[in-house]
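Asker:
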Amino acid sequence: MPSVTESVATAGTGLPLQARPARPRARRRRILGTGWALAVGIAAALVIVFPLVWMFTTSIKPESEIISAHPGLFSATVTGSNYVQAWQAIDFPRLFMNTVIFAGGVTLLSLTFDSLTAYALARLDFPGKNVIFVLVLITLMLPFQVNLVPLFLLLTKLHWVNTYQGLILPRATNAFGIFFLRQFFLSIPKELEDAARVDGASDFKIYRSIVLRMSVPALLTLGLFHFMYNWNDLLWPLIVSTNSSMYTLSSGLALFLGQHVIQYGLIMAGSVLAIVPMVIAFLLIQRRFVESIATSGLR
Amino acid sequence: MTASPLARPTGRVARMKAPFATRLRRRRILVAYTFMLPSLVVLGVFMFYPLIRAAVLSFTNYSVFGAVKYVGLANYTTLLQSHQFWGDLVNTVYYAGVTTPVSVALALGLALLLNRRGLPGRGVLRAAIFLPAVVSLAVAAIPFRLMFTPSIGLITYWLGLIGVHSTDWLDSTTLAMPAVIIVGIWKDVGFYMVIYLAGLQTIPPEFYEAARIDGASAWQRFRNVTWPLLSNTTMFVTIIALIASFQAFDQIFVMTQGGPAFSTETLVMLIYRTGFQNFQMGYASAIGYVLVLIILLFSLFQMRYFNRRAIRY
Numbered sequence: 612m613p614s615v616t617e618s619v620a621t622a623g624t625g626l627p628l629q630a631r632p633a634r635p636r637a638r639r640r641r642i643l644g645t646g647w648a649l650a651v652g653i654a655a656a657l658v659i660v661f662p663l664v665w666m667f668t669t670s671i672k673p674e675s676e677i678i679s680a681h682p683g684l685f686s687a688t689v690t691g692s693n694y695v696q697a698w699q700a701i702d703f704p705r706l707f708m709n710t711v712i713f714a715g716g717v718t719l720l721s722l723t724f725d726s727l728t729a730y731a732l733a734r735l736d737f738p739g740k741n742v743i744f745v746l747v748l749i750t751l752m753l754p755f756q757v758n759l760v761p762l763f764l765l766l767t768k769l770h771w772v773n774t775y776q777g778l779i780l781p782r783a784t785n786a787f788g789i790f791f792l793r794q795f796f797l798s799i800p801k802e803l804e805d806a807a808r809v810d811g812a813s814d815f816k817i818y819r820s821i822v823l824r825m826s827v828p829a830l831l832t833l834g835l836f837h838f839m840y841n842w843n844d845l846l847w848p849l850i851v852s853t854n855s856s857m858y859t860l861s862s863g864l865a866l867f868l869g870q871h872v873i874q875y876g877l878i879m880a881g882s883v884l885a886i887v888p889m890v891i892a893f894l895l896i897q898r899r900f901v902e903s904i905a906t907s908g909l910r
Numbered sequence: 523m524t525a526s527p528l529a530r531p532t533g534r535v536a537r538m539k540a541p542f543a544t545r546l547r548r549r550r551i552l553v554a555y556t557f558m559l560p561s562l563v564v565l566g567v568f569m570f571y572p573l574i575r576a577a578v579l580s581f582t583n584y585s586v587f588g589a590v591k592y593v594g595l596a597n598y599t600t601l602l603q604s605h606q607f608w609g610d611l612v613n614t615v616y617y618a619g620v621t622t623p624v625s626v627a628l629a630l631g632l633a634l635l636l637n638r639r640g641l642p643g644r645g646v647l648r649a650a651i652f653l654p655a656v657v658s659l660a661v662a663a664i665p666f667r668l669m670f671t672p673s674i675g676l677i678t679y680w681l682g683l684i685g686v687h688s689t690d691w692l693d694s695t696t697l698a699m700p701a702v703i704i705v706g707i708w709k710d711v712g713f714y715m716v717i718y719l720a721g722l723q724t725i726p727p728e729f730y731e732a733a734r735i736d737g738a739s740a741w742q743r744f745r746n747v748t749w750p751l752l753s754n755t756t757m758f759v760t761i762i763a764l765i766a767s768f769q770a771f772d773q774i775f776v777m778t779q780g781g782p783a784f785s786t787e788t789l790v791m792l793i794y795r796t797g798f799q800n801f802q803m804g805y806a807s808a809i810g811y812v813l814v815l816i817i818l819l820f821s822l823f824q825m826r827y828f829n830r831r832a833i834r835y
């Protein structure tokens with residue numbers, strides 16, 4: 612890009628700026644541009660949010676209006692009966708609890724195990740370090756679906772099908788988590804640790820009271836990722852739980868749909884109830900969410 | 523034979539030092555492996571052992587019924603001759619080949635749009651576009667399935683109002699795939715947009731000022747400043763988008779179950795159906811390995827491309 616480097620050079624040498632006269636026109640153009648951007652942005656946001664809005668408005672419509680020949684977004688009559696029926700047909704407290712235990716358990720264990728390993732890989736010197744790091748990188752690229760069958764057979768042998776440990780433990784460590792935290796730990800300056808080491812602090816103490824404490828943002832980001840991914844996952848809970856008492860929100864709803872596809876209002880109410888916890892969590896810590904995803908992409 | 527008197531004390535020091543150093547070294551190794559123990563156990567038991575087991579299974583006719591027999595490469599040769607497999611591979615490539623570029627391009631466009639300073643309501647718009655990323659795709663696919671159902675859904679109805687008469691998308695072998703692709707793009711575009719927004723933050727504003735002084739048009743500024751400086755972000759987003767789309771499952775499971783006539787069945791759907799509905803677990807493992815091979819090939823290819831093109835400033 613010669614033009615860019617050139618212009619940077621001229622700006623740097625402080626040559627007189629010549630592109631001044633067109634200012635009012637430029638401003639008008641910018642306002643026009645902003646208006647245009649706003650219109651497109653609003654249109655895109657509406658299109659994207661629409662299915663979720665429709666899901667909600669349909670869930671409060673009486674069944675007769677849902678199947679009308681001229682479907683609209685809103686209805687004249689509002690009813691809560693779909694929610695009452697959905698609540699009776701699906702054991703929501705149970706699904707919710709299962710999902711919290713599954714996603715929360717994976718998140719806590721994985722953060723602990725991943726950070727311990729990442730500390731060793733970032734800070735300690737030992738034979739086999741490169742081999743382990745390469746293994747982690749390979750794992751990062753493997754699609755987990757290849758392991759579905761042997762994992763299911765293993766869980767069957769352990770009698771872990773339809774158990775929380777069966778859902779959680781196979782996910783208790785995560786290659787991306789190890790890789791992500793290792794990169795982060797490497798960026799932490801070493802001086803503080805060296806001082807602590809001179810004072811006789813053990814590695815575990817340094818890990819816990821220096822490295823972890825300085826990595827809170829990275830841990831929160833990773834935790835959010837793990838939690839969101841597992842909360843929303845379908846295939847893994849579908850395989851591990853064959854009993855409806857062990858379903859998560861995603862697998863429970865997906866399987867429920869198979870049996871009740873004709874009761875539209877009921878299904879929509881159920882879907883709203885399944886999605887609402889995550890949407891509320893998002894609205895509460897929206898900034899954190901967006902920042903987390905942003906920083907993970909930078910690496 | 524006899525060492526010089528001067529050498530003896532140093533020899534003794536060295537002898538005394540050696541075990542101490544070894545002890546220290548052993549201790550350090552012990553500490554390191556203790557730190558990694560939980561992860562190594564989990565990875566070993568739930569990742570590498572199953573990976574080997576899957577390879578072994580793929581050479582057997584393992585199913586929950588009947589005796590297990592080694593069948594050599596039979597699963598793989600059956601696979602390569604199976605229309606089902608090739609059809610599903612084509613479906614997977616179709617899904618990934620459309621979903622990846624479209625969602626990456628849309629994400630870039632939206633990021634550029636919502637990166638404008640002084641755009642009112644920027645935060646709200648970003649949050650709205652990002653929202654699908656936090657909801658479960660399996661659950662969000664349920665309203666989509668109903669929206670595509672002609673008797674109640676708005677999509678067919680509204681298309682009818684503007685004169686486009688279409689049948690039930692999800693019941694059509696040509697339209698079912700576009701329908702699940704739309705849902706896949708809908709889910710991820712906001713996520714990729716946020717990564718792009720972060721990438722845009724790293725471009726120094728002086729570059730744009732300089733380009734503007736040079737009289738560069740908006741397109742030229744994009745072409746010569748934004749696009750090359752975002753190449754790392756684009757690579758990152760493309761790789762994760764491609765890997766994710768090769769593993770598409772959730773919305774397809776909910777909306778079409780792979781139908782009609784297997785027109786939306788992807789490789790992951792095939793693994794699930796073969797292994798957990800038909801219980802041909804040896805055969806399913808062989809399909810799993812083919813998926814691994816495809817994804818590794820793509821990743822390596824992209825990484826090479828990435829390394830060649832990586833631009834650092």
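Protein sequences appear in the order of chains A and B.
If you're matching positions, the first sequence starts at 612 in this note's numbering and goes up one per residue.
If you're matching positions, the second sequence starts at 523 in this note's numbering and goes up one per residue.
A virtual CB, placed ideally from N, CA and C, is assigned to each residue, including glycine.
1. When burial is assigned at 16 or more other CB atoms within 10 Å of the CB, is B/Asn800 buried or exposed?
2. Which residue or residues does DSSP assign as beta-bridge partners of B/Tyr592?
3. Measuring only the C-alpha atoms, how far is B/Asp610 from B/Glu787?
4. Please state if the CB of B/Ala649 and the CB of B/Val776 are separated by a distance shorter than 8 Å.
5. Looking only at its chain, what residues have a beta carbon closer than 8 Å to the beta carbon of A/Phe707, apart from the 5 residues adjacent to it on each side?
6. Please work out which residues of its chain come closer than 6 Å, Cβ to Cβ, to A/Ile799, disregarding the five sequence neighbours upstream and downstream, and give them in chain order.
7. I'd like to check one pair, B/Tyr598 with B/Phe767: are the Cβ atoms closer than 8 Å?
8. The stretch 702-726 of chain A: which residues have C-beta closer than 7 Å to a C-beta of chain B, in chain order?
9. Indicate whether B/Phe557 and A/Ala655 have their beta-carbon atoms separated by less than 8 Å.
10. In chain A, which residues lie with their C-beta within 9 Å of the C-beta of B/Trp708?
11. Could you list which residues in chain B have their beta carbon closer than 7 Å to that of A/Trp665, in chain order?
12. Can you tell me whether DSSP reads A/Gln696 as helix, strand or coil?
13. Please go through the same chain and pick out, in chain order, the residues whose beta-carbon is closer than 7 Å to the beta-carbon of B/Val624, but skip the five residues on each side of it.
14. To which residues of the same chain is A/Arg898 closer than 8 Å at the C-beta, ignoring the five residues directly before and after it?
15. Quick check on DSSP: helix, strand or coil for B/Thr788?
16. If you run the structure through DSSP and keep just helix, strand and coil, what is A/Gln870?
17. Evaluate A/His797 with the Cβ neighbour count: other Cβ atoms within 10 Å of its Cβ, from every protein chain shown; 16 or more gives buried, anything less gives exposed.
18. Which residues of the stretch 870-897 of chain A have a Cβ closer than 7 Å to any Cβ of chain B? Give them in chain order.
19. When burial is assigned at 16 or more other CB atoms within 10 Å of the CB, is B/Phe823 buried or exposed?
20. Report the neighbours of B/Gln769 on chain A: residues whose CB is nearer than 7 Å to its CB, in chain order.
21. Using beta carbons (cut-off 8 Å, strictly below), is A/Leu846 in contact with chain B?
22. Kindly give me the distance between the Cβ atoms of A/Ile677 and B/Ile704, rounded to whole angstroms, as I take these residues to be in contact under 8 Å.
23. Under a Cβ-count criterion, where at least 16 other Cβ atoms within 10 Å of its own Cβ denotes burial, should A/Asp805 be classed as buried or exposed?
24. Can you check DSSP and say which residues form a bridge with B/Gln802?
25. Would you please state the rounded distance, in angstroms, between the beta carbons of A/Leu845 and B/Ala660? I believe it to be under 8 Å.
26. So, at 6 Å on beta carbons, what are the nonlocal neighbours of A/Phe763 in its own chain, with the 5 sequence-adjacent residues on each side left out?
27. Work out the CA separation of B/Leu676 and B/Phe643 for me, nearest whole Å.
28. Considering only the alpha carbon of each residue, which of B/Ile817, B/Tyr811, B/Ser604 lies closest to B/Ile761?
29. I want to verify the contact list: residues of chain B whose CB lies under 8 Å from the CB of A/Leu831, in sequence order.
30. Between A/Ala700 and B/Pro672, what straight-line distance do the alpha-carbon atoms span, to the nearest angstrom?
31. Alpha carbon to alpha carbon, how far is B/Met669 from B/Pro782?
32. Among the candidates B/Ile793, B/Met757, B/Leu692, whose CA atom is the shortest distance from the CA of B/Met825?
33. DSSP state of B/Arg639, grouped into three classes?
34. Give the secondary structure of B/Leu752 by DSSP, where H, G and I count as helix, E and B as strand, and everything else as coil.
35. What is the DSSP secondary structure of B/Thr556, counted as helix, strand or coil?
36. Is it buried or exposed, B/Tyr827, if we count other Cβ atoms within 10 angstroms and call 16 or more buried?
Answerer: Checking against the coordinates, here is how it stands:
1. That one is exposed.
2. Answer is B/Thr582, bridged to B/Tyr592.
3. The alpha-carbon atoms of B/Asp610 and B/Glu787 are separated by roughly 6 Å.
4. No, the pair does not count as a contact, with Cβ atoms beyond the cut-off.
5. The beta carbon of A/Phe707 sits closer than 8 Å to those of Leu860, Pro888, all from its chain and outside the five residues before and after it, given in chain order.
6. Spatial neighbours of A/Ile799 in its own chain (CB-CB distance under 6 Å, excluding positions within 5 residues in sequence) are listed in chain order as Met825.
7. Note on residue identity: the sequence assigns Ser, not Phe, to residue 767 of chain B. Not in contact: B/Ser767 and B/Tyr598 (Cβ atoms no closer than 8 Å).
8. Per Cβ criterion, the list reads Phe724, Asp725.
9. In this structure, A/Ala655 does not lie closer than 8 Å to B/Phe557 by Cβ.
10. At a beta-carbon threshold of 9 Å, the residues of chain A lying near B/Trp708 are Val658, Ile659, Pro662, ordered along the chain.
11. Residues of chain B passing the Cβ test: Pro665, Met669, Leu676.
12. Under the three-state reduction of DSSP output, A/Gln696 falls in the helix class.
13. Once the five neighbours on either side are set aside, the close Cβ partners of B/Val624 are Ile707.
14. Beyond the five residues adjoining it in sequence on each side, A/Arg898 comes within less than 8 Å, by CB distance, of no other residue in the same chain.
15. Here B/Thr788 sits in coil by DSSP.
16. A/Gln870: helix per DSSP, three-state reduction.
17. Reading off the sequence, residue 797 of chain A comes out as Leu, not His. Under a 10 Å Cβ-count criterion, A/Leu797 is classified as exposed, with fewer than 16 other Cβ atoms of the shown protein chains found around its own Cβ.
18. Against chain B - using a Cβ distance shorter than 7 Å - the residues of the stretch 870-897 of chain A are Tyr875, Ile878, Met879, Ser882, Ala885, Ile886, Met889, Val890, Phe893, Gln897.
19. It is exposed - the Cβ of B/Phe823 has fewer than 16 other Cβ atoms within 10 Å.
20. Correct list: Pro754, Gln756.
21. Taking Cβ atoms only, chain B reaches closer than 8 Å to A/Leu846, which makes this a yes.
22. The Cβ separation is near 22 Å, so there is no contact.
23. Label assigned to A/Asp805: exposed.
24. B/Ser585.
25. That belief holds up - the Cβ atoms of A/Leu845 and B/Ala660 are roughly 4 Å apart, short of 8 Å.
26. For A/Phe763, the CB contacts under 6 Å within the same chain, skipping 5 residues up- and downstream, are Ile850 in chain order.
27. According to the sequence displayed, residue 643 of chain B carries Gly and not Phe. Rounded to the nearest angstrom, the gap between the Cα atoms of B/Gly643 and B/Leu676 is 28 Å.
28. Closest option to B/Ile761, Cα to Cα, is B/Ile817.
29. Those within 8 Å of A/Leu831 in chain B number zero; the least Cβ separation is about 15 Å.
30. Rounded to the nearest angstrom, the gap between the Cα atoms of A/Ala700 and B/Pro672 is 26 Å.
31. Straight across, the Cα-Cα distance linking B/Met669 with B/Pro782 is about 17 Å.
32. The candidate whose alpha carbon is nearest that of B/Met825 is B/Met757.
33. The answer is coil: DSSP assigns B/Arg639 none of H, G, I, E or B.
34. Three-state DSSP puts B/Leu752 in coil, outside helix and strand.
35. The answer is helix: DSSP assigns B/Thr556 an H, G or I state.
36. It is exposed - the Cβ of B/Tyr827 has fewer than 16 other Cβ atoms within 10 Å.
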